[in-house]
Amino acid sequence: MRKSKALIFEMSRSGRRGYSLPSCDVPEKLVDELLPRKMQRSEPLELPELSEVDIIRHFTELSTRNFGVDTGFYPLGSCTMKYNPKVNEDAAVLPGFALMHPCQPLETVQGALELLYNMERGLKELTAMDRFTMQPAAGAHGELTGLMIIQAYHRHRGDHKRNKVLIPLSAHGTNPATVSMAGYEVVQVPCDDRGLVDLEALKEAVDDTTAALMLTNPSTLGLFEEEIIPMAKAVHEAGGLLYYDGANLNAIMGYARPGDMGFDVVHLNIHKTLSTPHGGGGPGGGPVGVKERLIPFLPVPLVDKKGDEYSFDYDLPNSIGKVHSFYGNFGVAVKAYTYMRMMGAEGLKQASTDAVINANYLMSLLKKIYHVPYDRICKHEFVVSAKPEKKKGAGAGDIAKALLDRNFHPPTVYFPLIVEEALMIEPTDTEAKETIDAFATVMEQISKDIDEDAEKVAHGPYNTVVGRLDEVRAARSPVLRWEKDKD
Amino acid sequence: MGGKHYLPLTDQDRKEMLATIGVKSVEDLFSDIPQQVRLQREMDLPPALAESEVLKHLNSLAAKNKHFNNCVSFMGAGVYDHFIPSLIKHITGRSEFYTCYTPYQPEISQGILQAIFEYQTMICQLTGMDVANASMYDGGTAVAEGAIMGCGATRRSKALVSSSVSPFYRQVLKNYFNSRGLDLEEIPLKDGHTDLDELEKKLGDDVASVILQQPNFFGLIEEMDGVADLVHNHKAVLVVSADPLSLPLLSAPAGYGADIVVGEGQALGVPASFGGPLLGIMAARSKFVRQLPGRIAGETVDSEENRGYVLTLQTREQHIRREKAASNICSNQALVALGASVYLAAMGPQGMREVAEQCLQKAAYARESITALEGYESVFPGAPFKEFAVTVPGNPAELNKKLLEKNVLGGVDLNPFYPELKNTMLFAVTEKRTREEIDTLVRELEGWK
Amino acid sequence: MKYNIIDGVKYTKKHEWARQEGNIAVIGLSDYAQDKLGEIVFVELPDVGTEVEAGKGSAVIESVKAVADLYAPVDGTVTEVNEDLLDQPELINSDPYGEGWVYKVEIKDESQFDELMDVPAYEKFVVEEDEE
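Chains as they are written, first to last, in the numbering used here: chain S, 6 to 492; chain C, 308 to 756; chain D, 31 to 162.
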């Protein structure tokens, strides 16, 4: 079953085409009259030439070489790969949403503004924040927007010495990268032996140069930061602000809200918590919410309602400006809004309940087989360490490949960094008990396989369309595009 | 009720699972959340709707909006009403593509990885660049990240951006630079084009990036001859924001010396969606590959020498390099990039050339017809690609209101972005507009005032 | 000992080595460091003429999924870099003390060598690190 797939360029035949245009019905001039010759393209254009059916078959075959949530269980930790309801997709492609221009007169976009307004109301209630912007197109984009807002707040107060952002060691890589993008320095805060942020160390670290603490709660270990109140107090007393990375909000909807924990700024990953699909990497959505005192710094425009009329408000003199050409991934917001309306308050809370039940249940099954370094009640995810298996000859990455052979998507591997040989497992709310049981059974089988023949496990997978790919070669001699002359 | 059918656990399942976990109730699973931060009431959200009800609600919201199917659009300024071939949605609608995550496990992600590799290749073929990434969020963020790449590559901290670059992009750029503590200066306009004398004056050995747009925000073709030499003489980097749909007709940016090509890919079969999801294009010469932000797919082999694809050069990225990463970007617009590849494959070189030529011809026809009217004048000299600025005899908002009565979405008012341009509108005419539609616009303009 | 720790060079706590050749110090990564990093795919070398400072990052060594700074063992001015590494970064894996050297500096302060570890001290250090 191993086989490579031809590239679209290799299937090209000169003269074929996949679309025909109507002929031009305006009086035509010579191109040379309209466009000075020296500005015209002299380089050949080497796009592939295929018929429509060739293209459909090519991409259909590619799709069969791909694994999505619709293919099977996808417990990729901190990514919340829950089912993507189909009605979301139907809503987003309605012409009244999908075929609107961002510069249309306000009277022609009332339905879109109403949707954004309603969605903002929902997000405010979900997080206990006072206002939201939908502009950020992804979680990391939300982080950057949030830090820009925090920066504008401090600068506006004339507080220019705050140049550091505190981040726990368990944080996602986007957090420190975002801190640098915003021109801040990262200060790492250690975790204690419970896996929680070390409160004493945090108190030591905060001072009058602290701009903010960025925190994911529950953390990437799936643990709720129980000392969030004293943590928030320590940061606020030093004049810093609290940033909530919403990557793991799926654990606590209806149970606790970042705004009630003391957070000043929040981003949500609507492509995680609110069920919109990941699309092989995107588009996602990362709305950012803030508390009252930070509203003046939000990106423009905000969506307002006066009487029955909706409008864009650009009148925010201290706004950071814009972070997206227009209003963010509106089409993704339509999907998230659809999901929120389908779920309601009770449904969202039940989703978090089931996400937490599934995670704890799976942990209780797996801890009989694997080492669970933080063995306590978890939230939506938990971390297993394959350090003992690694000593036998097959580590976290090898276990992941063994899962591929059994038609499961593996957990996140080698993250968080504070656990060696980490497998970070997030079953989500949309999986049945039978699925979780089957996954645990397979994990047990893999453990046995490692005991019997670790070497074999270390060379998997065996049943996939290609075998383990040589990432060293890909990085040492990068081939990043197809080239005609090579073949 | 509502979306509970997305949750497969039954009450019996929950009971059994709690027993296996060894807790008495669900409440025990949340006992680690301090009572002070527990929400002591139910959330106040509208009641859950069934699927039939939610569709009714969303249809009613959508019905309040005007759109390209019930109006004729002459709006552009970065987002256009180009024709979208049917096959695109059938491919991006395959759930093996749209329900997968970033391809961290290459052996079961060959579909999306190969699609990204093909997308990267097509973007290189269009722009003449050596490498492209898997996408940025949109044109604005691509411009900002391109300018920052230049800073990284030259270890300098200042950029010059032409005032003819989209104001939507410049707003994002300004914000990114301001936050990071980088300097940004604008190069003024001369007749709607970048004032190259001013560029030369402002160029110093402290400049990292020079950002131009082709065609520029007014739809005009910028003079690129000699610009790259000027920029390179100061060891700065030339960043060009290009409309990919113009490239079958216009010189490839590599040909006139661009180092980094960015841009908005919406024209490549992407629905306008009220301005998002869009497609940020990012490509560069190979010497900048280590500064390139975001995902990159690369070719390799498995142990049996089968060709395959992986995400590569990942040490540039946030999950490995953390605070030293080239960018913080993680999620991108991969599915939109997939759709753009399908568009490019469907069009092929011939179709792309035809689309671009029809834009050129139809925009020229519309400009000529409109500026022949009394009170309507062309604002800038020079060749437009698919949009053009004209002064109109009155308030643009009122004109658009009148056009709307005929289900025409008029032009974009330029005054908010260029205060010196009063009663000036930008009209876009794509290959999708028919002569009849253009003539209707002209007739309505003629009858106004 | 699982790792090759050779005589004639001195070691840092970040697992670099330095060999004194007159007023020049040759600098590289220890066998332990290359083993921990795994297959090296890319090396970012300093420019000739760069002033490096003991304990500060002076080159970057990358494997597929890790990035390591090479901290200068001693102060000095870079006189030569190993350009073979640009095409064959794997030389650091195959011959860390020989063909896999990274750069050379003109030594500023010879006494800095006294602060680096000799073979017995480094062996002990590596054993402790490995146990963690």
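Beta carbons are placed, not taken as given, at the ideal position from N, Cα and C, and that holds for glycine. Just so we're clear, the structure is a prediction, and the values are computed from it rather than from any experiment.
Test item: CB-CB of residue i and residue j under 7 angstroms
i: S/Thr132; j: S/Arg346; result: no
i: S/Val462; j: S/Asp475; result: no
i: C/Ala451; j: C/Ala515; result: no
i: S/Leu428; j: S/Ala445; result: no
i: C/Glu630; j: S/Pro288; result: no
i: S/Ala256; j: S/Pro282; result: no
i: C/Asp512; j: C/His541; result: yes
i: S/Leu128; j: S/Val308; result: no
i: S/Ala216; j: C/Ile636; result: no
i: D/Ile57; j: D/Val132; result: yes
With 16 other Cβ atoms within 10 Å as the buried cut-off, status of residue i
i: S/Tyr344; result: buried
i: S/Ala11; result: exposed
i: C/Asn376; result: exposed
i: S/Asp250; result: buried
i: S/Thr278; result: buried
i: D/Val78; result: exposed
i: S/Leu171; result: buried
i: C/Glu529; result: buried
i: S/Gly240; result: The question names Gly, but residue 240 of chain S in the sequence shown is Val. Classification of S/Val240: buried, given that the 10 Å Cβ count is 16 or more.
i: S/Asp269; result: buried
i: C/Asp478; result: Inspection of the sequence shows that residue 478 of chain C is occupied by Gln rather than by Asp. By the 10 Å Cβ count, C/Gln478 comes out buried.
i: S/His385; result: buried
i: C/Leu491; result: buried
i: S/Asn363; result: buried
Proximal chain D residues relative to residue i, where beta-carbon distance stays under 7 angstroms
i: S/Val477; result: Glu69, Val71, Val94
Contacts of residue i in chain D (Cβ-Cβ under 8 angstroms)
i: C/Ile627; result: Lys95, Ala96, Val97
Interface partners of residue i on chain S, CB under 8 angstroms
i: D/Pro119; result: Arg481
i: C/Gly446; result: Ser330
Residue i: contacting residues in chain D (beta-carbon distance under 9 angstroms)
i: C/Gln621; result: Val94, Lys95
Contact list for residue i against chain C, beta-carbon separation under 9 angstroms
i: S/His414; result: Cys407, Tyr408, Gln412, Ile415
i: S/Asn2; result: Residue 2 of chain S is absent from the structure shown; chain S starts at 6 and stops at 492.
Chain-ordered neighbours of residue i on chain S, where CB pairs are closer than 9 angstroms
i: C/Val438; result: Pro483, Leu485, Arg486
i: C/Ala647; result: Near C/Ala647 there are no residues of chain S at all, since even the closest Cβ is about 12 angstroms away, more than 9 angstroms.
Chain-ordered chain C contacts of residue i [CB-CB under 7 angstroms]
i: S/Ile404; result: Under the 7 angstroms cutoff, chain C gives no residues; its nearest Cβ is about 12 angstroms from S/Ile404.
i: S/Ile13; result: Glu425, Ala652
i: S/Ser316; result: Correct list: empty, because the minimum Cβ distance to chain C is about 13 angstroms.
i: S/Leu149; result: Asn635
i: S/Met266; result: Val344
Within chain C, the residues that residue i reaches when beta carbons sit closer than 8 angstroms
i: S/Cys196; result: Near S/Cys196 there are no residues of chain C at all, since even the closest Cβ is about 15 angstroms away, more than 8 angstroms.
i: S/Glu205; result: What S/Glu205 touches in chain C: nothing, since even the nearest Cβ is about 18 angstroms away.
heavy atom of the ligand ADP below 6 angstroms from residue i C-beta
i: C/Pro495; result: Ligands in the displayed structure: none, and consequently the ligand ADP is not present.
Item to check | the segment 694-713 of chain C touching the segment 671-680 of chain C, judged by at least three CB pairs closer than 8 angstroms | outcome: Verdict: yes, contact present.
Checklist entry - Which runs of the alpha helix (DSSP H), 4 residues or longer, sit entirely within the segment 397-476 of chain C? => result Along the segment 397-476 of chain C, the alpha helix (DSSP H) occurs as fully enclosed runs of 4 or more residues at 402-405, 417-434, 446-461, listed in sequence order.
Checklist entry - Does the segment 434-446 of chain S come close enough to the segment 75-88 of chain S to have 3 or more Cβ pairs within less than 8 angstroms? => result The segment 434-446 of chain S is in contact with the segment 75-88 of chain S.
Next on the checklist: Taking contact to mean 3 or more Cβ pairs, one atom from each stretch, closer than 8 angstroms, check whether the segment 627-642 of chain C and the segment 437-450 of chain C are in contact.
Outcome noted: Look at the beta carbons and you see the segment 627-642 of chain C touching the segment 437-450 of chain C: at least three pairs across the two are nearer than 8 angstroms.
Next on the checklist: Quick check for students: name the residue ranges of the alpha helix (DSSP H) that lie wholly in the segment 102-134 of chain D, counting only runs of 4 or more.
Outcome noted: Secondary structure within the segment 102-134 of chain D: the alpha helix (DSSP H) runs of 4 or more consecutive residues, fully enclosed, are 114-117, 121-124 (chain order).
Item to check | Inside the segment 520-552 of chain C only - beta strand (DSSP E) runs reaching at least 3 residues | outcome: Runs of the beta strand (DSSP E) inside the segment 520-552 of chain C: 544-549.
Checklist entry - On the three-pair Cβ rule with 8 angstroms, is the segment 68-80 of chain S touching the segment 424-435 of chain C? => result The segment 68-80 of chain S makes no contact with the segment 424-435 of chain C: fewer than 3 CB pairs, one atom from each, lie closer than 8 angstroms.
Item to check | Every unbroken alpha helix (DSSP H) inside the segment 560-592 of chain C [4 residues or more] | outcome: Within the segment 560-592 of chain C, not a single complete alpha helix (DSSP H) segment reaches 4 residues in length.
Checklist entry - Curious, which full-length alpha helix (DSSP H) runs of at least 4 residues does the segment 156-211 of chain S contain? => result Taking 4 residues as the shortest admissible run, the segment 156-211 of chain S contains the following complete alpha helix (DSSP H) segments, listed from N- to C-terminal end: 179-186, 204-210.
Checklist entry - Does the segment 459-477 of chain C come within contact of the segment 665-674 of chain C, defined as at least 3 CB pairs closer than 8 angstroms? => result No contact exists between the segment 459-477 of chain C and the segment 665-674 of chain C.
Checklist entry - Can you list the beta strand (DSSP E) stretches of 3 or more residues lying completely in the segment 352-378 of chain C, in chain order? => result Scanning the segment 352-378 of chain C for uninterrupted beta strand (DSSP E) segments of 3 residues or longer gives nothing; none is fully contained.
Item to check | beta strand (DSSP E) runs contained entirely in the segment 587-643 of chain C, provided each spans 3 or more residues | outcome: Counting only runs that start and end inside the segment 587-643 of chain C, the beta strand (DSSP E) elements of at least 3 residues fall at 587-591, 604-608, 614-618.
Checklist entry - Contact between the segment 179-197 of chain S and the segment 483-494 of chain C: three or more CB pairs below 8 angstroms? => result Inter-segment contact for the segment 179-197 of chain S and the segment 483-494 of chain C is present: three or more beta-carbon pairs are separated by less than 8 angstroms.
Checklist entry - Counting pairs of Cβ atoms below 8 angstroms between the segment 49-56 of chain D and the segment 54-66 of chain S, do you hit three or more? => result Touching, no, given that fewer than three Cβ pairs across the two stretches are closer than 8 angstroms.
Next on the checklist: Using a Cβ distance threshold of 8 angstroms, determine whether the segment 103-114 of chain S contacts the segment 382-393 of chain C, with at least three qualifying pairs required.
Outcome noted: With a cut-off of 8 angstroms on Cβ pairs, the segment 103-114 of chain S is in contact with the segment 382-393 of chain C, counting three or more such pairs.
Item to check | Any alpha helix (DSSP H) of 4 or more consecutive residues that is wholly inside the segment 248-278 of chain S | outcome: The qualifying runs are 263-266.
Item to check | Segments of 4+ residues assigned as alpha helix (DSSP H) that fall wholly inside the segment 75-106 of chain S | outcome: Taking only runs of at least 4 residues, the alpha helix (DSSP H) segments lying wholly in the segment 75-106 of chain S are 91-97, 100-103.
Item to check | Inter-stretch contact (C-beta, 8 angstroms, three-pair minimum) for the segment 643-657 of chain C and the segment 596-609 of chain C | outcome: Flag = no, the segment 643-657 of chain C and the segment 596-609 of chain C do not touch.
Checklist entry - Just checking, does the segment 397-411 of chain C make contact with the segment 539-559 of chain C on the three C-beta pairs under 8 angstroms criterion? => result Between the segment 397-411 of chain C and the segment 539-559 of chain C there are fewer than three C-beta pairs closer than 8 angstroms, too few to call the two in contact.
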